[in-house]
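Reading through the structure tokens given below for one structure.
There are 2 protein chains.
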Amino acid sequence: MMNEIPKSLSPSARVLMGPGPSPTAPSVYEALSKPTLGHLDPEFLVVMDEIRDMQRVVMGTQNELTMPMSGTGSAGMETCLVNLIQPGDKVLVGVNGVFGTRMAEVARRAGALVTEAKSEWGRAVDPLALREAAGGGEYKLLCVVHAETSTGVLQDVAPMRTLADELGAMLLLDCVTSVGGLRVSLDEWGVDAAYSGTQKCLGCPPGLSPISFSARAQEALSARTEAVQSWYLDLSMIANYWGSERSYHHTAPINMLYGLHEALRLVLEEGIDAREQRHRLHSRALVAGLEAMGIAPRVPVGERLPPLTAVSVPDGVEDAAVRSHLLEHHNLEIGGGLGPMKGNTWRIGLMGAGACRENVELCLRALHDAMTAQGSAPAREGVDAAGAVYAG
Amino acid sequence: MMNEIPKSLSPSARVLMGPGPSPTAPSVYEALSKPTLGHLDPEFLVVMDEIRDMQRVVMGTQNELTMPMSGTGSAGMETCLVNLIQPGDKVLVGVNGVFGTRMAEVARRAGALVTEAKSEWGRAVDPLALREAAGGGEYKLLCVVHAETSTGVLQDVAPMRTLADELGAMLLLDCVTSVGGLRVSLDEWGVDAAYSGTQKCLGCPPGLSPISFSARAQEALSARTEAVQSWYLDLSMIANYWGSERSYHHTAPINMLYGLHEALRLVLEEGIDAREQRHRLHSRALVAGLEAMGIAPRVPVGERLPPLTAVSVPDGVEDAAVRSHLLEHHNLEIGGGLGPMKGNTWRIGLMGAGACRENVELCLRALHDAMTAQGSAPAREGVDAAGAVYAG
Chain E
117 MMNEIPKSLS PSARVLMGPG PSPTAPSVYE ALSKPTLGHL DPEFLVVMDE IRDMQRVVMG
177 TQNELTMPMS GTGSAGMETC LVNLIQPGDK VLVGVNGVFG TRMAEVARRA GALVTEAKSE
237 WGRAVDPLAL REAAGGGEYK LLCVVHAETS TGVLQDVAPM RTLADELGAM LLLDCVTSVG
297 GLRVSLDEWG VDAAYSGTQK CLGCPPGLSP ISFSARAQEA LSARTEAVQS WYLDLSMIAN
357 YWGSERSYHH TAPINMLYGL HEALRLVLEE GIDAREQRHR LHSRALVAGL EAMGIAPRVP
417 VGERLPPLTA VSVPDGVEDA AVRSHLLEHH NLEIGGGLGP MKGNTWRIGL MGAGACRENV
477 ELCLRALHDA MTAQGSAPAR EGVDAAGAVY AG
Chain L
117 MMNEIPKSLS PSARVLMGPG PSPTAPSVYE ALSKPTLGHL DPEFLVVMDE IRDMQRVVMG
177 TQNELTMPMS GTGSAGMETC LVNLIQPGDK VLVGVNGVFG TRMAEVARRA GALVTEAKSE
237 WGRAVDPLAL REAAGGGEYK LLCVVHAETS TGVLQDVAPM RTLADELGAM LLLDCVTSVG
297 GLRVSLDEWG VDAAYSGTQK CLGCPPGLSP ISFSARAQEA LSARTEAVQS WYLDLSMIAN
357 YWGSERSYHH TAPINMLYGL HEALRLVLEE GIDAREQRHR LHSRALVAGL EAMGIAPRVP
417 VGERLPPLTA VSVPDGVEDA AVRSHLLEHH NLEIGGGLGP MKGNTWRIGL MGAGACRENV
477 ELCLRALHDA MTAQGSAPAR EGVDAAGAVY AG
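Those sequence lines, one after another, are chains E and L.
Under the working numbering, the letters of the first sequence match residues 117 to 508, in that order.
Under the working numbering, the letters of the second sequence match residues 117 to 508, in that order.
Written out as structure tokens, the structure reads:
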């Protein structure tokens, strides 16, 4: 089974330009390895309070119930759904990629009666199509993906709030690939529940999921007549650990929380608007470079998610071979497509510390090299076109 | 809400002698901050394979379905229960502390018909009492805590397997505070499902839960007629990521897995038997020292859990004041009691890197100092009595 004890790890220092994990900032690495405190140590309780305060700013909310869950983004998704849904509740989900699909599935497992409004992958969800799918009924919950990591689509939230009001529904938003890279304003937008992940624009390794519940969502939680089906994700208990009671629920992932603390600090030091500008600038430069190489974006210009650019693999180019070449020869990771986009789409992330000119240029040069090695050399390298964006 | 951006963290280097988290070894800290790889990077797939192989050795199993879950020990508990239970299944739980109580609660939330066989806290579960509670029926699952972290009790597993066979049941074992500190032999013991945590005897920060399912448990999973209620913890999908398919399910917590990889390496380098001997030796010395100070163990000698010693707070001594004194004046954390043991019990952990003579002596001296400061000075310091154990 095992012949000898494996050696200590020495992972390659990849340039992470896939759909996440994104590059971890040096000070976040440092934070991860600071001395472990007990989960009820008075010093650690201060760390928790600071994380909550910073998370509120980064998510644009004053919601009391705001904290990171002890699992990845999918755990945050499940947390929002199982705490708000009781068996038989009606839930409407906008589905235009993997994560809308997943929300519908998780909601069904929580006993909801789910209506899926399916839109084309690579496009935003059309509020009219959602309204039509709703069929005029009342709903407990409307679920929409703000930033579809599987397709690189950014959803306009305002029409979703309008629709939710028509349906009498709370609004749940997947913000996994927007928080930390774009200004997210849960309170202003009227979002009732939202979840994110640490390994995207926050620039912290995967493992935690920042979530937030509005007062209305918190009331719905209090009004439940049945226990939340997941004990591990039951916010009515977890809130007593993050709140003033400090009741033990599970042992918090201390060192990961150190990492998130530092990652949130970096966002606030840079400023949320400056950070959004940076993500938008480098995304524009990347797209200009790719287009110059004949690599076309999959998403119409008004619906693109700056931190994650989805492009079509050019005809005659083999997806997997190019990605292997990038990894082996340039230490560069980009993502492939999922579902109907598998084999025909690349997903290129510029998130957190990774949203920088150096990465844009590396990616363009490396793609040129990889396609050349495949015998499909693009006419141009793309770096000049990107440079023109930087030159303004 | 927040006046200024918090500073980067500088947590105190505590001596962690509570019920977990335990001290993190220096090389585990280093591992946590190694370069983040993508969750499908070929290099990372090797890391996963090595973790599985090492986890099998440390848990004493050749089970195919063996891997760490992306959550803390309680997520591992919920994983085992929700994957094995379908609504209406009969489950028998031995309850002699917080974690048996929790298993019963999680099983009920999964729709099980739960029978709780309650035993005294601080004692092992009596197989006769369990058999009586079972009332002669057939059961899907018998759940028992191997190492009760809330009371410091170690459970003998063999009679539980015998009973499970009588009931036609699978056997589920909580090994949170035994794996990495004691020899755990799932295959030899006939355990069908088990979970642990990283922050106890494995000496890695909290955040992951190593689990294992026997072939029989895996068959029960395959034979399910309803989807697992938790999507995040659904082993039928997660097995496809840890198995040869490498299908994306959720983004693995990369850097935490580096930490677990190193922690498992340290266990194997030391050797499981040597590690158990070390945990047993220092526990004996600690108990001898405490008894010399008039601080009595809560658990009869044959049922004690070496990595975690529960003792009675002596009459006239105030629990919270002593623990605050230890933290403030000696940088030392020990644990208080839970449930009926709150306020009257201390839980002192000697786990992983923390199971050493230096910590035993620090704890005895610091407790003497804290009780003296409270006006309840013990007659002796306890270090000599501990030294006698070390002298053989």
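Positions of the beta carbon are idealized from the N, C-alpha and C atoms, including for glycine.
None of the values given here were measured: they were computed from a predicted structure.
Is it the case that the Cβ atoms of residue i and residue j are separated by a distance below 9 Å?
{"i": "Val269(L)", "j": "Gly227(L)", "result": "no"}
{"i": "Thr140(E)", "j": "Cys291(E)", "result": "no"}
{"i": "Met372(L)", "j": "Pro369(E)", "result": "yes"}
{"i": "Leu246(E)", "j": "Leu258(E)", "result": "yes"}
{"i": "Leu406(E)", "j": "Leu324(E)", "result": "no"}
{"i": "Ser492(L)", "j": "Pro430(L)", "result": "yes"}
{"i": "Leu125(E)", "j": "Ala147(L)", "result": "yes"}
{"i": "Leu302(L)", "j": "Ala310(L)", "result": "yes"}
{"i": "Thr177(L)", "j": "Ser328(L)", "result": "yes"}
{"i": "Lys256(E)", "j": "Leu181(E)", "result": "no"}
{"i": "Ser149(E)", "j": "Thr188(L)", "result": "no"}
{"i": "Leu337(E)", "j": "Tyr348(L)", "result": "no"}
Excluding the 5 residues flanking residue i on each side, which residues of the same chain have their C-beta closer than 6 Å to its C-beta?
{"i": "Arg400(E)", "result": "Val505"}
{"i": "Pro326(L)", "result": "Gln171, Pro184 and Ser312"}
{"i": "Gly451(E)", "result": "Gly134, Pro135 and Arg463"}
{"i": "Cys196(L)", "result": "Leu288, Ala309 and Tyr311"}
At 9 Å on the CB atoms, spell out the chain E contacts of residue i, in chain order.
{"i": "Met118(L)", "result": "Glu166, Asp169, Met170, Arg172, Val173 and Leu384"}
{"i": "Thr217(L)", "result": "By Cβ distance, chain E contributes nothing, its closest Cβ being about 11 Å from Thr217(L), past 9 Å."}
Quick check on the burial criterion: 16 or more other C-beta atoms within 10 angstroms. Buried or exposed for residue i?
{"i": "Gln315(E)", "result": "buried"}
{"i": "Lys123(E)", "result": "exposed"}
{"i": "Thr488(L)", "result": "exposed"}
{"i": "Pro416(L)", "result": "exposed"}
{"i": "Leu244(E)", "result": "exposed"}
{"i": "Asp165(E)", "result": "exposed"}
{"i": "Gln271(L)", "result": "buried"}
{"i": "Met118(L)", "result": "exposed"}
{"i": "Arg218(L)", "result": "buried"}
{"i": "Ile393(E)", "result": "Checking the displayed sequence, the identity of residue 393(E) turns out to be Gln instead of Ile. Burial call: exposed."}
{"i": "Arg332(L)", "result": "exposed"}
{"i": "Glu477(E)", "result": "buried"}
{"i": "Gly253(E)", "result": "exposed"}
{"i": "Ser346(E)", "result": "buried"}
{"i": "Lys458(L)", "result": "exposed"}
Which residues of chain E have a Cβ atom closer than 7 Å to the Cβ of residue i, listed in chain order?
{"i": "Arg299(L)", "result": "Here the premise fails: no neighbours, minimum Cβ distance about 16 Å."}
{"i": "Thr188(L)", "result": "Ser186, His366, Thr367 and Pro369"}
{"i": "Ser143(L)", "result": "Ser124"}
{"i": "Tyr374(L)", "result": "Leu125"}
{"i": "Glu419(L)", "result": "Under the 7 Å cutoff, chain E gives no residues; its nearest Cβ is about 24 Å from Glu419(L)."}
Less than 8 Å between C-beta atoms, sequence neighbours within five positions excluded: which residues of the same chain meet that for residue i?
{"i": "Arg362(L)", "result": "Leu156, Leu161 and Asn356"}
{"i": "Leu341(L)", "result": "The sequence given here places Thr at residue 341(L); Leu does not occur at that position. The answer, listed in chain order, is Gln202."}
{"i": "Gly470(E)", "result": "Val131, Leu132, Met133, Ser138, Pro139 and Gly319"}
{"i": "Met175(E)", "result": "Thr182, Cys291, Val295, Val300, Leu302, Ala310, Ser312, Pro326 and Ser328"}
{"i": "Glu304(L)", "result": "Gly176"}
Under 7 Å Cβ-Cβ, which residues of chain L neighbour residue i?
{"i": "Pro127(E)", "result": "Lys150, Pro151, Leu153 and Glu159"}
Find the residues of chain E that neighbour residue i, judging by a C-beta separation of less than 8 Å, and give them in chain order.
{"i": "Tyr311(L)", "result": "The contacting residues do not exist; Tyr311(L) stays about 12 Å from chain E at best."}
{"i": "Leu442(L)", "result": "Neighbours of Leu442(L) on chain E: none; closest Cβ ~12 Å, over 8 Å."}
{"i": "Thr267(L)", "result": "By Cβ distance, chain E contributes nothing, its closest Cβ being about 15 Å from Thr267(L), past 8 Å."}
{"i": "Arg340(L)", "result": "Going along chain E, no residue has its Cβ under 8 Å from Arg340(L), so there is no contact; the nearest lies around 12 Å."}
{"i": "Thr134(L)", "result": "One point to set straight first is that residue 134(L) is Gly, not Thr, in the sequence displayed. Neighbours of Gly134(L) on chain E, chain order: Gly154."}
{"i": "Thr293(L)", "result": "Result: empty, since nearest Cβ-Cβ is about 11 Å, beyond 8 Å."}
So residue i contacts chain L; which residues on that side make the cut at Cβ distance below 9 Å?
{"i": "Thr461(E)", "result": "Chain L residues near Thr461(E): none, gap ~14 Å exceeds 9 Å."}
{"i": "Ser346(E)", "result": "Glu194, Val198, Val222, Arg225, Gln345, Ser346, Tyr348 and Leu349"}
{"i": "Ala147(E)", "result": "Ser124, Leu125 and Ser149"}
{"i": "Ala471(E)", "result": "Chain L residues near Ala471(E): none, gap ~16 Å exceeds 9 Å."}
What does residue i reach in chain L if we use C-beta pairs closer than 8 Å?
{"i": "Val163(E)", "result": "Leu125 and Pro127"}
Can you name, in chain order, every residue of its own chain whose Cβ lies under 7 Å from the Cβ of residue i, other than the five neighbours on each side?
{"i": "Met193(L)", "result": "Arg218, Met219, Val222, Asp290 and Tyr311"}
{"i": "Leu99(E)", "result": "Past the edges of chain E, shown from 117 to 508, lies residue 99(E), and the structure says nothing about it."}
4-residue-minimum alpha helix (DSSP H) runs that sit fully inside the segment 324-356 of chain L, ordered along the chain
331-338
For the segment 390-467 of chain L, which segments carrying the alpha helix (DSSP H) assignment without a break, of at least 4 residues, lie completely within its bounds, in sequence order?
435-446
Give, in chain order, every unbroken run of the beta strand (DSSP E) that is at least 3 residues long and sits entirely within the segment 124-155 of chain L.
131-133
Please list the segments of the beta strand (DSSP E) lying wholly inside the segment 235-266 of chain E, counting only runs of 3 or more residues, in order along the chain.
257-261
Ordered list of alpha helix (DSSP H) runs contained in the segment 273-317 of chain L, each at least 4 residues
274-283 and 302-305
Taking the runs of the alpha helix (DSSP H) that are 4 residues or longer, which of them lie wholly in the segment 189-244 of chain L?
189-200 and 214-225
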